[in-house]
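Colleague: So the sequence shown is numbered by the numbering used here: it starts at 417 and just counts up by one. For each residue, glycine too, the CB sits at the ideal point set by N, CA and C.
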Amino acid sequence: MKRALDVAVSLLALALLWPLLLALALAVRLDSPGPALFRQERVGLRGQPFRIHKFRTMHVAGEGGPLVTAASDARITRLGRVLRRHKLDELPQLLDVLRGRMSLVGPRPEVARYMDLYPAEARSIILSVRPGLTDPASIAFRHEEELLAASPEPERTYIDTIMPLKQRYYLDYVRTQSLRGDLAILLRTAAALLGGGRA
417 MKRALDVAVS
427 LLALALLWPL
437 LLALALAVRL
447 DSPGPALFRQ
457 ERVGLRGQPF
467 RIHKFRTMHV
477 AGEGGPLVTA
487 ASDARITRLG
497 RVLRRHKLDE
507 LPQLLDVLRG
517 RMSLVGPRPE
527 VARYMDLYPA
537 EARSIILSVR
547 PGLTDPASIA
557 FRHEEELLAA
567 SPEPERTYID
577 TIMPLKQRYY
587 LDYVRTQSLR
597 GDLAILLRTA
607 AALLGGGRA
């Protein structure tokens, strides 16, 4: 049922949103030199790597910098700040959901560098499900970039403070997941975005 929901919702969303997706892709290309899409390797189901898709929000020259991004990061383009604030940069991941690399709801996919820092048992549990577009941790940390911007060492804050809290959310989600719960998380995510927060 979960996979059926993923396919149905992603297909419907792509069918309804394709004019917006094309407009955003064009806007990204016009705003700064470089491709419309950003691809990055993340860790997926059962530890298998996959390439996640997002609208590019950074200058191409800055994409090789730190893996965490604070709200004040100079690498972010003018349009990128708007896309990230409203989570529009995540919309291309509907294609990743449709292809089966991701789910609508599940722990957010990490880069290998950070996933390797989780304890082996926790990592095994987290990677037993497909990573998602959203989850309870995404809602709780919808202002993560602002928290990182307030830190003198954003990556250290992410590793020492944010990751352990996210781990608790991820483990709790995997152990208690249900179709009804996923629908509730999708509704909470929509409410957070409509309220101006990044989920």
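Keeping to the same chain, check which residues put their C-beta closer than 6 Å to that of ALA553; ignore five residues upstream and five downstream.
Modeller: The residues are LYS582 and TYR585.
Colleague: Would you kindly check if the distance between the Cβ of PRO523 and the Cβ of TYR574 is under 8 Å?
Modeller: Taking 8 Å as the Cβ cut-off, TYR574 and PRO523 do not qualify as a contacting pair.
Colleague: For MET474, which of helix, strand or coil comes out of DSSP?
Modeller: In this structure, MET474 counts as strand in the three-state DSSP scheme.
Colleague: Evaluate ALA615 with the Cβ neighbour count: other Cβ atoms within 10 Å of its Cβ, from every protein chain shown; 16 or more gives buried, anything less gives exposed.
Modeller: Residue placement at ALA615 is flagged as unreliable, the pLDDT there being 46, under the threshold of 50; the coordinate-derived value follows with that caveat. Counting Cβ neighbours within 10 Å, ALA615 comes out buried, since at least 16 surround it.
Colleague: Let's test the definition: count the other Cβ atoms within 10 Å of the Cβ of LEU432 and tell me whether it reaches 16, buried, or not, exposed.
Modeller: Its Cβ having fewer than 16 others within 10 Å, LEU432 is exposed.
Colleague: Here's a check: name, in chain order, each residue in its chain whose Cβ is nearer than 7 Å to the Cβ of GLY463, leaving out the five neighbours to either side.
Modeller: Correct list, in chain order: LEU543.
Colleague: Please classify ALA490: is it buried, with 16 or more other beta-carbons within 10 angstroms of its beta-carbon, or exposed?
Modeller: With fewer than 16 Cβ atoms within 10 Å of its Cβ, ALA490 is classed as exposed.
Colleague: Since LEU453 is in the beta strand (DSSP E), which residue starts that stretch and which ends it?
Modeller: Where LEU453 is concerned, the enclosing beta strand (DSSP E) stretches over 453-459.
Colleague: Determine the contact status of LEU587 and ILE541, defining contact as a CB-CB distance below 8 Å.
Modeller: Closer than 8 Å, so yes.
Colleague: Taking only the alpha-carbon atoms, compute the straight-line gap between GLY516 and ALA566 and give it to the nearest angstrom.
Modeller: Using only the alpha carbons, I get a separation of about 36 Å.
Colleague: Among ARG419, ASP447, ARG467 and ARG529, whose alpha-carbon lies nearest the alpha-carbon of LEU455?
Modeller: Inspection of the sequence shows that residue 455 is occupied by Arg rather than by Leu. Selected option, being the one with the closest Cα: ARG467.
Colleague: I need the DSSP call for THR605, collapsed to helix, strand or coil.
Modeller: The answer is helix: DSSP assigns THR605 an H, G or I state.
Colleague: Going by DSSP in three states, THR550 sits in which element: helix, strand or coil?
Modeller: Residue state, collapsed to three classes: strand.
Colleague: Bridge partners of SER519, per DSSP?
Modeller: Bridge partners of SER519: GLY548.
Colleague: Using a Cβ distance threshold of 8 Å, determine whether the stretch 527-536 contacts the stretch 436-449, with at least three qualifying pairs required.
Modeller: Contact fails: fewer than three Cβ-Cβ distances are below 8 Å.
Colleague: On the criterion of 16 or more Cβ atoms from any shown chain inside 10 Å, does ALA607 qualify as buried, or is it exposed?
Modeller: Classification for ALA607: exposed.
Colleague: Would the beta-carbon of PHE471 fall within 8 Å of that of LEU507?
Modeller: Cβ atoms of PHE471 and LEU507: closer than 8 Å.
Colleague: Assign GLU560 to one of two classes, buried (16 or more other C-beta atoms within 10 Å of its C-beta) or exposed (fewer than that).
Modeller: Classification for GLU560: buried.
Colleague: Name the one or two DSSP bridge partners that ARG467 has.
Modeller: Partner(s): GLU457.
Colleague: Across which residues does DSSP place ILE492 in a beta bridge pair?
Modeller: MET474.
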